[in-house]
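Beneath this line is the structure, given in structure tokens, with notes to follow.
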Amino acid sequence: MRKIILPLLMLSLGAWSGFTQAQDTSALWGKKYAEVKSSLLAAGWVLAPVAEDETPMTEAYPEITCGSGAMAICSVGFKRDKTTLALVVESIEQELIVTGEY
């Protein structure tokens, strides 16, 4: 998987204006998942397919799936061209937040 790079330009609503392979994805960390998803889709990314045996984190966002066990994470994948972006998502104070990439 190639490392995805994102621009550091943020719109006033907290959405990203576009995505390139020139900067660090950590700029997305701490952002609300709904805003990140909307911005990625607007920039031409598509949701990666979810395997049948994966467990959705919420009904509202079935694309976010969670592993099992003590060290399990919840994640969501996006694809554009031949590039994949896998984000870690956590529920923090009843809000889904992007907390990293893997």
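Heads up: the sequence shown begins at 321 in this note's numbering, then just goes up one per residue.
For every residue, glycine included, the Cβ atom is placed at its ideal position computed from N, Cα and C.
Check, Outcome
"Own chain partners of arginine 271 with C-beta closer than 6 Å, once the 5 adjacent residues on each side are dropped", "The first residue shown for the chain is 321 and the last is 422, placing residue 271 beyond what the model contains."
"Glutamine 414 versus threonine 403: straight-line alpha-carbon distance, rounded", "31 Å"
"Reduced DSSP secondary structure (H/G/I, E/B, other) of lysine 357", "helix"
"Distance between glutamate 372 and threonine 419 (C-alpha atoms, nearest Å)", "25 Å"
"Buried/exposed call for glutamate 379, threshold 16 Cβ in 10 Å", "exposed"
"Which of helix, strand or coil DSSP assigns to alanine 406", "strand"
"C-beta atoms of serine 346 and methionine 377 nearer than 9 Å", "no"
"For proline 382, the residue or residues it bridges with in DSSP", "Note: proline 382 sits in no beta bridge, so no partner."
"Candidates Leu416, Glu374, Ile384: closest to leucine 405 by CA position", "Ile384"
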